[in-house]
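Working notes, structure below.
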Amino acid sequence: MGGTNFTRLELLRSDLTRQQLYEPLSYIGHDAEEMLGMVNKIIDEGQDIKTKQIIISGGIKSFLQGYYLINKCKLPSIYGQASTFLQYAKEDYELIKQFIDYQVKGLSLAYAFLRVKESKSDVK
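In numbering that gives the first Met the number 0, the protein residues as written are 0 to 123.
Pasting the structure below:
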């Protein structure tokens, strides 16, 4: 579903002038939450879908946002954080290792202690 904003990733590797010039292109399209709404609507409408699992990605910054989205998804799902992950990967191995560790622990905490409230649009 969706995917990494490759325009934004490419801009991160560019010089400052190019980043400023092309940055507006990185905002074209839908974010992960909008795409998830579209997927859930298709499921609610009973349309025949071929896929049975979803990878949610596109601007996810933290485990908390990932937790929220996978719990709102009406199909089994996982989430990706390519842009955030690559920012740490450009720096140092220990930083990326620490980032991953914190994300995994945070997601575990979210599953242990949080529940996503149903919105009015979720209730039938």
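Glycine residues also receive a C-beta, built at the ideal position from the N, C-alpha and C atoms.
DSSP-derived helix/strand/coil call for residue i
i, result
"I54", "strand"
"F62", "helix"
"Q46", "coil"
"G28", "coil"
Nearest residue (CA-CA) to residue i, options the options
i, options, result
"I59", "G79, Q102, K49 and N70", "G79"
"I55", "D43, V38 and Q18", "V38"
"Q64", "A109, Y92, E117 and E44", "A109"
"S76", "T83, Q52, Q97 and Y92", "Q52"
"K148", "F98, E33, E90 and T16", "Residue 148 falls outside the range modelled here, since the chain spans only 0 to 123, and no answer is possible."
"D43", "L74, A81, Q97 and Y101", "L74"
"G57", "A31, I48, L24 and G45", "A31"
"I95", "S107, A81 and L106", "A81"
"S61", "Y26, Q102 and K49", "Q102"
Buried versus exposed, by CB contacts within 10 Å (16 or more), residue i
i, result
"F112", "exposed"
"Q97", "exposed"
Exercise. At what residue ranges does the segment 70 to 119 contain a whole run of the beta strand (DSSP E), taking only runs of 3 or more?
Worked result: Taken in chain order, the whole beta strand (DSSP E) runs of length 3 or more contained in the segment 70 to 119 are 76 to 78.
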